[in-house]
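Participant:
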Amino acid sequence: MKTGDKLTIGLFGFGVVGQGIYEVLQQSLSLNANIKKICIKEPGKKREAPADLFTTDYEELLSDPEINVIVELINDAGEAFKIVSTALKNGKAVVTANKKMVAEHIAELLQLQEQYDTPFLYEAAVCGSIPIIRNLEEYYDNDLLKSICGIVNGSTNYILTKMIDEQMPYPKALEKAQFLGFAETDPSLDVLGIDAVNKLTILIAHAYGVVTHPQRLLHVGIDRLNPFDAKTAEEKDFVIKLIAQAIKLTNGKIAAFVLPHYIDKSSQLYAVKDEFNGVVIQSSLADKQFLYGKGAGRYPTASAVLSDISALRYAYRYEYHKLNTHAEITDDFYLRIYCSFEKITQIDLKDFEWVEEFHSQEVRQYLIGVIQFKKLIASNWFNKKIISVIVCPDGVIEEIDTRKVKKLSHLLAGSHFVEKTSETLSNLTKELSGI
Ligand SMILES: NC(=O)c1ccc[n+]([C@@H]2O[C@H](COP(=O)([O-])OP(=O)(O)OC[C@H]3O[C@@H](n4cnc5c(N)ncnc54)[C@H](OP(=O)(O)O)[C@@H]3O)[C@@H](O)[C@H]2O)c1
Numbered sequence: 019m020k021t022g023d024k025l026t027i028g029l030f031g032f033g034v035v036g037q038g039i040y041e042v043l044q045q046s047l048s049l050n051a052n053i054k055k056i057c058i059k060e061p062g063k064k065r066e067a068p069a070d071l072f073t074t075d076y077e078e079l080l081s082d083p084e085i086n087v088i089v090e091l092i093n094d095a096g097e098a099f100k101i102v103s104t105a106l107k108n109g110k111a112v113v114t115a116n117k118k119m120v121a122e123h124i125a126e127l128l129q130l131q132e133q134y135d136t137p138f139l140y141e142a143a144v145c146g147s148i149p150i151i152r153n154l155e156e157y158y159d160n161d162l163l164k165s166i167c168g169i170v171n172g173s174t175n176y177i178l179t180k181m182i183d184e185q186m187p188y189p190k191a192l193e194k195a196q197f198l199g200f201a202e203t204d205p206s207l208d209v210l211g212i213d214a215v216n217k218l219t220i221l222i223a224h225a226y227g228v229v230t231h232p233q234r235l236l237h238v239g240i241d242r243l244n245p246f247d248a249k250t251a252e253e254k255d256f257v258i259k260l261i262a263q264a265i266k267l268t269n270g271k272i273a274a275f276v277l278p279h280y281i282d283k284s285s286q287l288y289a290v291k292d293e294f295n296g297v298v299i300q301s302s303l304a305d306k307q308f309l310y311g312k313g314a315g316r317y318p319t320a321s322a323v324l325s326d327i328s329a330l331r332y333a334y335r336y337e338y339h340k341l342n343t344h345a346e347i348t349d350d351f352y353l354r355i356y357c358s359f360e361k362i363t364q365i366d367l368k369d370f371e372w373v374e375e376f377h378s379q380e381v382r383q384y385l386i387g388v389i390q391f392k393k394l395i396a397s398n399w400f401n402k403k404i405i406s407v408i409v410c411p412d413g414v415i416e417e418i419d420t421r422k423v424k425k426l427s428h429l430l431a432g433s434h435f436v437e438k439t440s441e442t443l444s445n446l447t448k449e450l451s452g453i
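Numbering (our numbering), first residue to last: 19 to 453.
Printed below as a string of structure tokens:
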């Protein structure tokens, strides 16, 4: 595709986003782009567009030589990959919003773009209307980019806002998010953190040149949080947010995961409520920068799709410059976490480097402590549904003082720690803080 080419579009999907882009393109006359055909699944549905535009036959779009752009907006990632890979092989530029498809096939999609020399853009796949991918791709040099930390899933943010601000029970908050159209067709993608980790997979490709599969990144959603955790948040003047984050450590390796976080008032993410998304980008010279906006919905998402279509007019494509840096993911760092449970015997305290707080109430107990990331994910208690884990503010720790660790390990080894009362724990905590 060359600069100035007329854009003749084949659109797949006419749902929330598909209909949105159809409407928006009708009003964007200066774009010199028109939709020639729309492929949908159910031919019998009533549509807000002329009937002769619709087909259920992929080939009418994919084999039409006049169509030079495929806009893929269906809700089936497997079929979407078939459509997108055929389109790229047929030399058609592709725009998509399908994060699951992009994240799960990013390595193959990179290869197809290179082999067939066709542009493939997906700004709408991450944070809806927020222009995060092009910013990471074009503006932030890998060496300067310290971290990206974001609320990237509007549906879970909406649920958490309702749970904390209005004490709404989780099932009711989820139902409301679904009713308002913020949740994915399959809401488990949102609440289990799968949608967020798909987006993180895409973000780290553009931020640090790391190409991986979402299943290789730790992701925990919001389904294990309970009202006790929300109450603790309130007592500490925190909010709970589901955060996708990637941090470049001093050894050049990347720590990347999706976990619930306690956020304090000093963070810009504290005020990101309801279905909104926000991303804090930290670079070594500029310090923190904050992008905020609507992460889902018909027109916010359509605006990002429109921007990609528009970028094709000047033959824009992602260059993936940072792939050459060969950055790697690491699990060799520490986290300061809050961990709540019914009884302290449900976790293994020996996994912690140290414990800073322990509180016991009739309904539930919690501790705050520092644990090595790889020990956390390997532990036999971390994945239990009765245990909730939340990362504390500034919770990523690169290195710890080994003298402290030795002393603590020693204390734990001789202390039958798990059988001790909260009073003994608090004495131990005092002793440790004096090391
Ligand atoms: N909704 C959002 O706010 C949002 C935000 C960011 C990204 N996205 C992404 O955008 C994409 C579309 O989401 P959506 O919310 O617009 O979905 P949606 O409202 O559920 O609509 C899905 C559309 O895909 C069509 N479709 C499904 N399978 C098909 C197939 N095999 N061949 C042709 N058409 C097929 C459906 O056809 P019928 O009409 O015939 O059923 C429908 O028109 C998804 O990848 C989603 O993750 C959505």
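Even for Gly, the Cβ is constructed at its ideal location relative to N, Cα and C.
This structure is a prediction, so every number in the text was calculated from the model and none was measured.
Does the Cβ of A396 have 16 or more other Cβ atoms within 10 Å, making it buried, or fewer, making it exposed?
Facilitator: Looking at its Cβ environment, which holds fewer than 16 other Cβ atoms inside 10 Å, A396 is exposed.
Participant: Starting from A274, follow its DSSP beta bridges and name the residues at the other end.
Facilitator: Bridge partners of A274: A264.
Participant: Got a sec? Which residues, its chain only, sit under 7 Å from A105 by beta carbon, not counting five neighbours each side?
Facilitator: Cβ neighbours of A105 beyond the five flanking positions: L80, I88, V112.
Participant: Going by other Cβ atoms of all chains shown within 10 Å of its Cβ, with 16 needed for buried, is T268 buried or exposed?
Facilitator: Classification for T268: exposed.
Participant: Ligand 1 and F30: does the residue's C-beta get closer than 7 Å to at least one heavy atom of that ligand?
Facilitator: It does: the Cβ of F30 is within 7 Å (strictly closer) of some heavy atom of ligand 1.
Participant: Among the candidates N160, N295, M119, G311, whose CA atom is the shortest distance from the CA of G96?
Facilitator: The candidate whose alpha carbon is nearest that of G96 is M119.
Participant: Check whether the Cβ of I58 sits closer than 7 Å to any heavy atom of ligand 1, and report yes or no.
Facilitator: Correct: I58 has its Cβ closer than 7 Å to ligand 1.
Participant: Between I415 and Y352, is the Cβ-Cβ spacing less than 8 Å?
Facilitator: Yes.
Participant: Under a three-way DSSP split, which group does I281 fall into?
Facilitator: In the structure shown, I281 sits in a strand (DSSP, three-state: E or B).
Participant: Going along the chain, which residues of its own chain have a beta-carbon closer than 7 Å to the beta-carbon of L210, five neighbours each way excluded?
Facilitator: Correct list, in chain order: G239, D241.
Participant: Just checking T348 against ligand 1 - is the residue's beta carbon closer than 7 Å to any of the ligand's heavy atoms?
Facilitator: No, since every heavy atom of ligand 1 falls outside the 7 Å radius drawn around the Cβ of T348.
Participant: Rounded C-beta distance between N86 and M19? I'm assuming under 8 Å.
Facilitator: 6 Å between Cβ atoms; contact.
Participant: With 16 other CB atoms within 10 Å as the buried threshold, where does Y157 fall?
Facilitator: So Y157 ends up on the exposed side.
Participant: Excluding the five sequence neighbours on either side, which residues of its own chain have a C-beta within less than 6 Å of the C-beta of D23, listed in chain order?
Facilitator: Excluding positions up to five away in sequence, the list is empty.
Participant: Who are the Cβ neighbours of I177 in its own chain at under 6 Å, not counting the five residues just before and after it?
Facilitator: Same-chain partners within the cutoff: A191, L192, A195.
Participant: Do G387 and N295 come within 8 Å of each other at the CB atom, strictly closer than that value?
Facilitator: In this structure, G387 does not lie closer than 8 Å to N295 by Cβ.
Participant: With a threshold of 7 Å (Cβ to nearest heavy atom), would N93 be considered close to ligand 1?
Facilitator: Answer for N93: yes, Cβ within range of ligand 1.
Participant: Would you list, in sequence order, the uninterrupted beta strand (DSSP E) runs of no fewer than 3 residues that lie entirely inside the stretch 84-131?
Facilitator: The stretch 84-131 contains these whole beta strand (DSSP E) runs: 87-90, 111-114.
Participant: Among A223, I212, E417, Q364, which residue has its Cα nearest to the Cα of N153?
Facilitator: If we check each option's Cα against that of N153, A223 comes out closest.
Participant: When you compare only the Cα positions, how much space is there between T136 and S103?
Facilitator: If you take the alpha carbons of T136 and S103, they lie about 11 Å apart.
Participant: Assign S165 to one of three DSSP states: helix, strand, or coil.
Facilitator: Correct three-state label for S165: strand.
Participant: Taking the alpha-carbon positions, what's the Y384 to Y356 distance?
Facilitator: When rounded, the distance between both Cα atoms is 7 Å.
Participant: At which residues does the beta strand (DSSP E) containing I389 begin and terminate?
Facilitator: Taken as a continuous stretch (DSSP letters only), the beta strand (DSSP E) holding I389 covers 383-390.
Participant: Measure the beta-carbon distance from I58 to Y76 and round it to whole angstroms, keeping in mind my assumption that it falls under 8 Å.
Facilitator: Contact flag wrong, Cβ pair sits at about 11 Å.
Participant: Are the CB atoms of I347 and W399 within a distance shorter than 8 Å?
Facilitator: No.
Participant: Contact between the stretch 121-137 and the stretch 250-268: three or more CB pairs below 8 Å?
Facilitator: No, the stretch 121-137 does not touch the stretch 250-268.
Participant: Take S285 and list the residues in its own chain whose beta-carbon comes closer than 8 Å to its own, dropping the five residues that flank it on each side.
Facilitator: Cβ neighbours of S285 beyond the five flanking positions: V298, P411.
Participant: Nearest by alpha-carbon distance to G315: which of P205, A251, S173 is it?
Facilitator: It is S173.
Participant: If you measure from the CB of A201, is any heavy atom of ligand 2 nearer than 7 Å?
Facilitator: Ligands present in the displayed structure are limited to ligand 1, and ligand 2 is not among them.
Participant: Using 8 Å as the threshold, is the C-beta distance between I56 and F32 below it?
Facilitator: Yes, Cβ-Cβ distance for I56 and F32 is below 8 Å.
Participant: Just the C-alpha distance for G16 and I39, rounded to the nearest angstrom, thanks.
Facilitator: Only positions 19 to 453 of the chain appear in this structure, which leaves residue 16 out of reach.
Participant: Measuring from the CB of K117, is there a heavy atom of ligand 1 at a distance below 7 Å?
Facilitator: Yes, Cβ of K117 sits closer than 7 Å to a heavy atom of ligand 1.
Participant: Any heavy atom of ligand 1 inside 7 Å of the beta-carbon of E416?
Facilitator: No - ligand 1 has no heavy atom lying nearer than 7 Å to the Cβ of E416.
Participant: Consult DSSP for T439 and reduce its assignment to one of helix, strand or coil.
Facilitator: Residue placement at T439 is poorly supported in this model, since its pLDDT is 42, which falls under 50; the coordinates are not used for a value here.
Participant: According to the Cβ coordinates, are N454 and D213 closer than 8 Å?
Facilitator: Because the chain is modelled from 19 through 453, residue 454 falls outside the range shown and cannot be assessed.
Participant: With hydrogens ignored, establish whether the beta-carbon of G36 is closer than 7 Å to any heavy atom of ligand 1.
Facilitator: Checking the Cβ of G36 against ligand 1 gives yes.
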